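Here's the structure, in structure tokens; my notes come after.
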Amino acid sequence: MGRWALLPSWVSATLLLVLAALPAALAANSSGRWWGIVNVASSTNLLTDSKSLQLVLEPSLQLLSRKQRRLIRQNPGILHSVSGGLQSAVRECKWQFRNRRWNCPTAPGPHLFGKIVNRGCRETAFIFAITSAGVTHSVARSCSEGSIESCTCDYRRRGPGGPDWHWGGCSDNIDFGRLFGREFVDSGEKGRDLRFLMNLHNNEAGRTTVFSEMRQECKCHGMSGSCTVRTCWMRLPTLRAVGDVLRDRFDGASRVLYGNRGSNRASRAELLRLEPEDPAHKPPSPHDLVYFEKSPNFCTYSGRLGEGTTAAPFSPDFAHFLRDGVPIFLGPQLAGSSA
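For reference, each letter of the sequence shown is one residue, going -27 to -1, 1 to 312 in mature numbering (1 follows the signal peptide of the UniProt record, and there is no 0).
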């Protein structure tokens, strides 16, 4: 306390504010760090991800938490599946927003999606949902393909399923994909603030969408091509189908805030819940995307958010806008009055 007393009062107050905000800032900066492994699948620095190899040959793996590295060591073959799922998610994000002001720009390095992920807006919600879905989708498919040593096809569905069909074949292991995705992806989130709850909710929304969009596939058996009996299994949706659903939920995302149960006896788990900002709206379901902050104006450069928030490099000659989902191009004399 003696040293603090020597400081001017305004300096002490400033230091206290900085120290109080530091945990939240560190938590925000840790969100999505694992996205930095996006190019691991094509890296020449990583020979294998077997249990006998320490995962230190690829520099980007240092972005993973201790738990995430442990999960990779415990599941040989899964690292390339995670990286491949992330790559597919990035491509899908760019496809879904190809005609919008924000078109899911990415950059090399550890900050894949740029500074937009530091905001609690709709775009961040979609990023977390689609990357979580990409990992779950890729891992579940890799299990059925035999690429991961610790999982196989989902063989739990066996026996008669109906009067003219029965369960069989190799179902995609969605349960393992969801469980691993929850353990791996969610472990990168730290804190107990609104941003933490938002990210966890959107991660789960991505995984839930993959699960809910699974479909039954069947193969016919019988003489001369007849379909006397069918063998059926569960197949993953395409990631495009998942992206389509998540984009629709992006458009209808729920703006949320901390839930207030109005009781001091509520447990900590009960207090950590999201409620709609508008009391007239329904609480968000596990399928919904949620956000708590208005999206920035993607037509205006923001030094705080950086270049990652612009749909395209700004040109003094033409400004890009959207009308009814279709890009239009305005000359410089109109750009200033049509934002």
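Using N, Cα and C, we set each Cβ at its ideal position, and we do this for glycine too.
These numbers were taken from a predicted model, which means no experiment stands behind them.
Could you say which of the options lies nearest to residue i if we only look at CA atoms?
i                 : options                        : result
histidine 110     : Thr273, Gln189, Phe184, Glu250 : Phe184
phenylalanine 101 : Leu170, Ser123, Arg42          : Leu170
asparagine 175    : Arg222, Trp206, Arg208         : Arg222
serine 38         : Ser61, Trp7, Val215            : Trp7
leucine 85        : Ser123, Asn48, Val11, Ser115   : Val11
alanine 106       : Gly195, Pro133, Leu209         : Leu209
serine 160        : Thr273, Ser199, Leu44          : Leu44
asparagine 76     : Arg246, His254, Arg220, Pro252 : Arg220
glycine 57        : Glu266, Val13, Arg213          : Val13
glycine 134       : Val158, Arg168, Cys191         : Cys191
glycine 179       : Thr125, Gly164, Val158, Leu34  : Val158
leucine 212       : Arg64, Val55, Gly50, Ala80     : Arg64
proline 257       : Glu266, Lys267, Arg246         : Arg246
arginine 168      : Glu266, Val55, His53           : Glu266
serine 4          : Ser54, Pro81, Gly87            : Gly87
threonine 125     : Leu34, Ile51, Pro269, Pro81    : Ile51
aspartate 224     : Leu34, Gly164, Val55, Ser268   : Ser268
histidine 53      : Leu34, Cys143, His194          : Leu34
glutamine 189     : Lys67, Cys143, Gly164          : Cys143
Taking the beta strand (DSSP E) that residue i falls in, what are its first and last residues?
i             : result
serine 227    : 227 to 231
threonine 79  : Unbroken run through threonine 79: none, as it is neither H nor E.
histidine 139 : 138 to 140
valine 202    : 202 to 208
proline 249   : 247 to 249
Alpha helix (DSSP H) containing residue i: first to last residue?
i             : result
glutamine 189 : Element bounds for glutamine 189: not the alpha helix (DSSP H) but the beta strand (DSSP E), 188 to 194.
threonine 97  : 95 to 118
tryptophan 68 : 51 to 69
arginine 42   : 39 to 47
threonine 182 : 167 to 185
leucine 219   : 212 to 224
leucine 152   : 147 to 159
Throw me the rounded Cβ distance for the residue i and residue j pair, which I believe falls under 8 Å.
i             : j              : result
glutamate 156 : leucine 173    : The pair is not a contact, with the Cβ atoms about 13 Å apart (cut-off 8 Å).
aspartate 166 : isoleucine 147 : 31 Å between Cβ atoms; not a contact.
glycine 154   : valine 218     : So it is not a contact: roughly 17 Å between Cβ atoms.
leucine 59    : threonine 104  : 6 Å
glycine 216   : glutamine 41   : That belief does not hold up - the Cβ atoms of glycine 216 and glutamine 41 are roughly 24 Å apart, past 8 Å.
arginine 131  : methionine 207 : That belief does not hold up - the Cβ atoms of arginine 131 and methionine 207 are roughly 12 Å apart, past 8 Å.
Assuming contact is defined by CB atoms lying nearer than 7 Å, are residue i and residue j in contact in what I supplied?
i             : j                 : result
glycine 93    : tyrosine 264      : yes
valine 90     : glycine 150       : no
serine 123    : asparagine 48     : yes
aspartate 145 : serine 117        : yes
threonine 181 : proline 259       : yes
alanine 62    : leucine 262       : no
glycine 9     : proline 83        : yes
arginine 228  : glutamate 250     : yes
arginine 95   : alanine 226       : yes
arginine 71   : phenylalanine 271 : no
glutamate 186 : alanine 214       : yes
Any heavy atom of the ligand PLP closer than 6 Å to the beta-carbon of residue i?
i             : result
tryptophan 75 : Among the components modelled here there is no ligand, and therefore nothing to report on the ligand PLP.
Taking one C-beta from the segment 129 to 142 and one from the segment 201 to 208 each time, how about it: are there three or more such pairs within less than 8 Å? At 8 Å Cβ cutoff, the stretches touch.
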